[in-house]
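Quick note on numbering: the sequence shown equals residues 16 to 229 in this note's numbering.
Think of the CB as a built atom: it goes at the ideal place given N, C-alpha and C, for glycine as much as any other residue.
Keep in mind the model is a prediction, meaning the values are calculated, not measured.
Encoded as structure tokens, the structure appears first; notes follow it.
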Amino acid sequence: MNNVLIERTVDFVKQELYGAEAGHDWFHIERVWKLSKKIAETETCNLEIVELSALLHDIADPKFHGGDETLALKISREFLEKENVPEESIDQVLFIIKNISFKNRDEVSENLPLELKIVQDADRLDAIGAIGIARTFNFGGFKNNLMYHPEIPPKLDMSKEEYKRNEGTTINHFYEKLLLLKDLMNTKKGKEIAEERHNFMLQFLDQFYKEWNV
16 MNNVLIERTV DFVKQELYGA EAGHDWFHIE RVWKLSKKIA ETETCNLEIV
66 ELSALLHDIA DPKFHGGDET LALKISREFL EKENVPEESI DQVLFIIKNI
116 SFKNRDEVSE NLPLELKIVQ DADRLDAIGA IGIARTFNFG GFKNNLMYHP
166 EIPPKLDMSK EEYKRNEGTT INHFYEKLLL LKDLMNTKKG KEIAEERHNF
216 MLQFLDQFYK EWNV
């Protein structure tokens, strides 16, 4: 594996995401990168593709770029071409970036490359558990969404466009996405880690409702 390429990618991502919203900043990338490597240790995969994809997967999150789902692909391609990465590898990385998102899950085939499954698990793991709770409330505050409203129910089975436009409460997001992720894990290691984080979220919600309904 080209360790120099990985180091240069780390430097590039840190620079690109300087000042980003705290739930989608360099530290999110770093956690997903580390989780991806941890999962990859238990699988037979192309580690370089896993690491590059993990590092670049949120280089331009559409939520912060007017919904543009092509910008991340453009930025990643330009960087990888500049680093003289082979076209085959570039295509693999871009495929993962394009198809990793929760909102795009109904648009991809079931026969996905293992490298995508690994990075996808890592990204979803960072959306649950204690870190996931912190990120969810941070983003809710960033969007000035209500924390909770007992008369606003979660919207289940939303289409991709409905999901993108949804301005629901932060607590509803647990039911609309976060609590669904445990059963969407691809790898054995991902499932093991998700179990504990999922249970922690359930405990948090129980305590939240106790305090809300005091």
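Asked	Found
For residue 190, the three-state DSSP class (helix, strand or coil)	helix
Cβ neighbours of residue 68 in the same chain (closer than 6 angstroms, five flanking residues each side left out)	108, 111, 134
Inter-residue Cα distance where the pair is residue 164 and residue 219	17 angstroms
Cβ contact (3+ pairs, closer than 8 angstroms) linking the segment 127-141 and the segment 38-55	yes
Pick from 23, 63, 98, 183 that is closest to residue 160, judged by C-alpha positions	183
Segment contact, 8 angstroms Cβ cut-off, at least three pairs: the segment 68-87 with the segment 21-41	yes
8 angstroms contact criterion, which residue 200 and residue 206 should meet: CB distance rounded	4 angstroms
Proximity of residue 127 and residue 209 at Cβ, strictly below 8 angstroms	no
Assigned secondary structure, residue 137 (DSSP; H/G/I helix, E/B strand, else coil)	helix
Simplified DSSP state of residue 51, which is helix, strand or coil	helix
Spatially closest choice to residue 172 from 156, 195, 151, 31, by CA coordinates	195
Coil, strand or helix - residue 170 by DSSP	coil
Residue 81 classed as buried or exposed, judged by whether at least 16 other C-beta atoms fall within 10 angstroms	exposed
Segment limits, alpha helix (DSSP H) that includes residue 40	Here residue 40 belongs to no alpha helix (DSSP H), and DSSP marks it neither H nor E.
Proximal residues to residue 145 (C-beta, below 7 angstroms), its chain only, five neighbours per side dropped	215
7 angstroms Cβ shell around residue 138 - same chain, five flanking residues per side excluded	47, 72, 115
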